[in-house]
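Below is one structure, written out as C-alpha coordinates; comments come after it.
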Amino acid sequence: MNRKLVALACCAALATSLSTTAAAQAIYKCGSSYSQSPCEGGTTLHTDASRRETARAPDDMAKRQARLADAMEKARLQEEAKPASVYIPAPKPVSTEETKKIQMTQPGKVKYFTAIAPGEPGDSKKKKKGKKKA
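Anchor point for the sequence shown: position 70 equals 70 in the UniProt record's numbering, and the numbering is continuous, going up by one each time.
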(Lines of atoms letter the chains of each structure in order from A; the text may use other names.)
(Lines give C-alpha, C1' and ligand atoms only; values in the text may rest on other atoms or scores of the structure.)
Protein backbone atom coordinates (compact mmCIF):
# COMPACT_ATOMS: atom_id res chain seq x y z
CA MET A 1 0.00 0.00 0.00
CA ASN A 2 2.85 2.39 0.85
CA ARG A 3 4.60 1.73 -2.45
CA LYS A 4 1.47 2.61 -4.36
CA LEU A 5 1.24 5.90 -2.50
CA VAL A 6 4.89 6.68 -3.23
CA ALA A 7 4.41 5.86 -6.91
CA LEU A 8 1.27 8.01 -7.02
CA ALA A 9 3.10 10.91 -5.36
CA CYS A 10 5.95 10.60 -7.85
CA CYS A 11 3.52 10.61 -10.77
CA ALA A 12 1.75 13.67 -9.35
CA ALA A 13 5.06 15.50 -8.92
CA LEU A 14 6.02 14.58 -12.46
CA ALA A 15 2.70 15.81 -13.87
CA THR A 16 2.91 19.14 -12.06
CA SER A 17 6.51 19.70 -13.13
CA LEU A 18 5.64 19.03 -16.76
CA SER A 19 2.60 21.30 -16.72
CA THR A 20 4.38 24.29 -15.16
CA THR A 21 7.35 24.52 -17.52
CA ALA A 22 7.68 27.78 -19.41
CA ALA A 23 8.09 27.62 -23.16
CA ALA A 24 11.19 29.76 -23.81
CA GLN A 25 9.94 32.97 -22.24
CA ALA A 26 12.30 35.82 -21.57
CA ILE A 27 12.97 36.66 -17.93
CA TYR A 28 13.81 40.20 -16.87
CA LYS A 29 15.55 41.23 -13.68
CA CYS A 30 14.19 44.53 -12.43
CA GLY A 31 16.24 45.52 -9.39
CA SER A 32 15.61 42.87 -6.71
CA SER A 33 12.61 41.28 -8.45
CA TYR A 34 12.05 39.20 -11.57
CA SER A 35 9.39 39.72 -14.22
CA GLN A 36 8.12 38.31 -17.52
CA SER A 37 7.55 41.78 -18.94
CA PRO A 38 10.39 44.18 -19.71
CA CYS A 39 10.94 47.02 -17.29
CA GLU A 40 12.95 50.22 -17.32
CA GLY A 41 16.54 49.51 -16.41
CA GLY A 42 15.91 45.73 -16.35
CA THR A 43 18.30 43.16 -17.72
CA THR A 44 17.41 40.06 -19.68
CA LEU A 45 18.44 36.73 -18.13
CA HIS A 46 19.36 33.80 -20.32
CA THR A 47 18.51 30.31 -19.11
CA ASP A 48 20.93 27.49 -19.78
CA ALA A 49 19.96 24.20 -21.36
CA SER A 50 22.26 22.45 -18.89
CA ARG A 51 20.07 23.68 -16.07
CA ARG A 52 17.07 22.05 -17.73
CA GLU A 53 18.99 18.77 -17.92
CA THR A 54 19.72 18.87 -14.19
CA ALA A 55 16.07 19.62 -13.54
CA ARG A 56 15.14 16.56 -15.61
CA ALA A 57 17.32 14.23 -13.54
CA PRO A 58 14.95 14.03 -10.52
CA ASP A 59 12.05 13.28 -12.89
CA ASP A 60 14.00 10.46 -14.49
CA MET A 61 14.89 9.12 -11.07
CA ALA A 62 11.23 9.26 -10.00
CA LYS A 63 10.21 7.32 -13.11
CA ARG A 64 12.91 4.74 -12.46
CA GLN A 65 11.81 4.34 -8.84
CA ALA A 66 8.18 3.98 -9.93
CA ARG A 67 9.15 1.21 -12.37
CA LEU A 68 11.20 -0.49 -9.67
CA ALA A 69 8.31 -0.23 -7.20
CA ASP A 70 5.94 -1.80 -9.74
CA ALA A 71 8.39 -4.64 -10.37
CA MET A 72 8.78 -5.24 -6.63
CA GLU A 73 5.01 -5.28 -6.17
CA LYS A 74 4.57 -7.84 -8.97
CA ALA A 75 7.26 -10.05 -7.43
CA ARG A 76 5.63 -9.78 -4.00
CA LEU A 77 2.20 -10.68 -5.39
CA GLN A 78 3.66 -13.70 -7.21
CA GLU A 79 5.37 -14.82 -4.01
CA GLU A 80 2.17 -14.42 -1.99
CA ALA A 81 0.19 -16.40 -4.59
CA LYS A 82 2.35 -19.48 -4.01
CA PRO A 83 0.95 -21.95 -1.46
CA ALA A 84 2.73 -22.00 1.84
CA SER A 85 4.92 -25.04 2.37
CA VAL A 86 4.21 -26.90 5.58
CA TYR A 87 6.55 -29.36 7.24
CA ILE A 88 4.88 -32.05 9.30
CA PRO A 89 7.42 -34.41 10.85
CA ALA A 90 6.67 -38.12 10.87
CA PRO A 91 5.61 -39.52 14.25
CA LYS A 92 8.46 -41.01 16.23
CA PRO A 93 8.05 -44.79 16.53
CA VAL A 94 7.96 -46.08 20.09
CA SER A 95 10.53 -48.81 20.62
CA THR A 96 9.61 -52.01 22.41
CA GLU A 97 12.30 -51.35 25.02
CA GLU A 98 10.56 -48.13 26.06
CA THR A 99 7.20 -49.87 26.45
CA LYS A 100 8.81 -52.60 28.55
CA LYS A 101 10.41 -49.96 30.78
CA ILE A 102 7.03 -48.27 31.28
CA GLN A 103 5.36 -51.56 32.18
CA MET A 104 8.17 -52.53 34.54
CA THR A 105 8.17 -49.24 36.43
CA GLN A 106 4.42 -49.33 37.03
CA PRO A 107 3.50 -52.92 37.89
CA GLY A 108 -0.18 -53.66 38.00
CA LYS A 109 -1.06 -50.53 36.04
CA VAL A 110 -1.78 -50.84 32.38
CA LYS A 111 -0.84 -47.92 30.19
CA TYR A 112 -3.95 -48.18 28.03
CA PHE A 113 -7.55 -48.31 29.23
CA THR A 114 -9.71 -51.22 28.11
CA ALA A 115 -13.47 -51.00 28.49
CA ILE A 116 -15.34 -54.12 29.66
CA ALA A 117 -19.04 -54.60 29.07
CA PRO A 118 -21.28 -55.17 32.11
CA GLY A 119 -22.64 -58.64 32.82
CA GLU A 120 -25.26 -60.40 30.76
CA PRO A 121 -28.89 -59.27 31.25
CA GLY A 122 -29.87 -62.56 32.95
CA ASP A 123 -27.06 -62.51 35.52
CA SER A 124 -28.00 -61.64 39.06
CA LYS A 125 -25.88 -59.49 41.28
CA LYS A 126 -23.88 -61.26 43.91
CA LYS A 127 -24.71 -60.18 47.40
CA LYS A 128 -21.96 -59.24 49.73
CA LYS A 129 -21.66 -61.36 52.76
CA GLY A 130 -20.99 -59.31 55.77
CA LYS A 131 -21.77 -59.18 59.45
CA LYS A 132 -25.38 -59.43 60.35
CA LYS A 133 -26.79 -56.68 62.44
CA ALA A 134 -28.13 -57.85 65.72
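Note that the Cβ used here is the ideal one computed from N, Cα and C, for glycine as well.
DSSP bridge partner residues for residue i (one or two, in chain order)
{"i": "L45", "result": "I27"}
{"i": "S35", "result": "Y28"}
Residue j beta carbon less than 8 Å from that of residue i
{"i": "L14", "j": "D70", "result": "no"}
{"i": "M61", "j": "R3", "result": "no"}
{"i": "A26", "j": "A66", "result": "no"}
{"i": "T44", "j": "Y28", "result": "yes"}
Backbone secondary structure at residue i - three-state DSSP
{"i": "V86", "result": "coil"}
{"i": "residue 142", "result": "As shown, the chain starts at 1 and ends at 134. That puts residue 142 outside it, with no answer to give."}
{"i": "T54", "result": "helix"}
{"i": "A115", "result": "coil"}
{"i": "K4", "result": "helix"}
{"i": "K74", "result": "helix"}
{"i": "K92", "result": "coil"}
{"i": "E120", "result": "coil"}
{"i": "E40", "result": "coil"}
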